[in-house]
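Engineer:
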Amino acid sequence: MTDLEAIGRTCFALHARMTARLLSRTYEAALRPLGLKLPQFGILGAIGHGATMGATASETVLAERLGLERTTLVRNLKILAQNGWIEPIAGNGRSQRHRLTPSGQAILEAAIPLWQQAQDRLEARLNGTDAEEARRAMRALRKATYPSSVKA
Numbered sequence: 001m002t003d004l005e006a007i008g009r010t011c012f013a014l015h016a017r018m019t020a021r022l023l024s025r026t027y028e029a030a031l032r033p034l035g036l037k038l039p040q041f042g043i044l045g046a047i048g049h050g051a052t053m054g055a056t057a058s059e060t061v062l063a064e065r066l067g068l069e070r071t072t073l074v075r076n077l078k079i080l081a082q083n084g085w086i087e088p089i090a091g092n093g094r095s096q097r098h099r100l101t102p103s104g105q106a107i108l109e110a111a112i113p114l115w116q117q118a119q120d121r122l123e124a125r126l127n128g129t130d131a132e133e134a135r136r137a138m139r140a141l142r143k144a145t146y147p148s149s150v151k152a
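Under full-length UniProt numbering, think of the first position of the sequence shown as 1, with each following residue one higher.
Spelled out as C-alpha cells, the structure:
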C-alpha cells in the first residue's frame, strides 16, 4: 500500500490545488469591491492585451492561453458580456472574438491597482529570490504537464 502521508507531502496536484485556492482567495478579496472574479480579471486582461497587440484571439485560442476549459471560458465571457464589459467583434462559435467595451476598459483599469496591491503583499511575504523561484517552479510544472503552454 502506498504511504498516504508521503502522497500528502509530495503530490504536485494536491499542493498546486491547495496553493491555487489560497492564491485565488487573496486576489478575489482584492477584486471584490469591483464585483470581479479572478478568472474574469484574467480574461479581461487577455482580451485587452490582445487588442493592444493588434490581434484578438478566438475563444479556443484564448482558453488555451489562459489554461481554461473552453466551457469555463464561455461561461465567463457570457458574464462579462452581460455586465457590458466585452462585446463580440468577429467570428462565431469557436472562432468568436471579443473586445473590451469602454466600461470593460474602465473596470480593467480600476482592477489593476487592486491586483497590484495583492501582488505586492505576496511579493513582500516572499523575498525576491523566493518569488522568482516560485514562478520558475510553476512554469516548469506547466511545461512538464502541457509543453505548449509555456513560452521559452
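C-beta atoms are modelled at their ideal positions from N, C-alpha and C, and glycine is treated no differently.
So for E87, helix, strand or coil by DSSP?
Structural biologist: strand
Engineer: Below 8 Å between beta carbons: does that hold for F41 and W115?
Structural biologist: Contact: yes.
Engineer: My guess is that L36 and A111 are in contact by the Cβ rule of under 8 Å, so how many angstroms apart are they, rounded?
Structural biologist: Right, the Cβ-Cβ distance comes to about 6 Å (below 8 Å), so this counts as a contact.
Engineer: What are the boundary residues of the alpha helix (DSSP H) that R65 is part of?
Structural biologist: E59 to L66
Engineer: Measuring only the C-alpha atoms, how far is I47 from L4?
Structural biologist: 43 Å
Engineer: Measure from the alpha carbon of R142 to the alpha carbon of each residue in R65, R75, S95 and N83, then state which is nearest.
Structural biologist: R65
Engineer: Would you give the residue range spanned by the alpha helix (DSSP H) that R70 belongs to?
Structural biologist: Here the alpha helix (DSSP H) through R70 covers R70 to Q82.
Engineer: Under 8 Å: do the segment 81-88 and the segment 98-111 share three or more Cβ pairs, one atom per stretch?
Structural biologist: Short answer: they touch.
Engineer: Expressed to the nearest angstrom, what Euclidean distance is found between the alpha-carbon atoms of L44 and R9?
Structural biologist: Taking the straight line joining both Cα atoms gives about 36 Å.
Engineer: Measure the C-alpha to C-alpha separation of A57 and G50 and round it to an integer number of angstroms.
Structural biologist: 7 Å
Engineer: For the putative contact between Q117 and A6, defined by C-beta atoms under 8 Å, what is the C-beta separation to the nearest angstrom?
Structural biologist: About 38 Å separates the two Cβ atoms, so there is no contact after all.
Engineer: Identify, in the order they occur along the chain, each residue of the same chain with its Cβ nearer than 6 Å to the Cβ of P39, setting aside the five sequence neighbours on each side.
Structural biologist: N76
Engineer: Consult DSSP for L22 and reduce its assignment to one of helix, strand or coil.
Structural biologist: DSSP places L22 within a helical segment (H, G or I) once states are collapsed to three.
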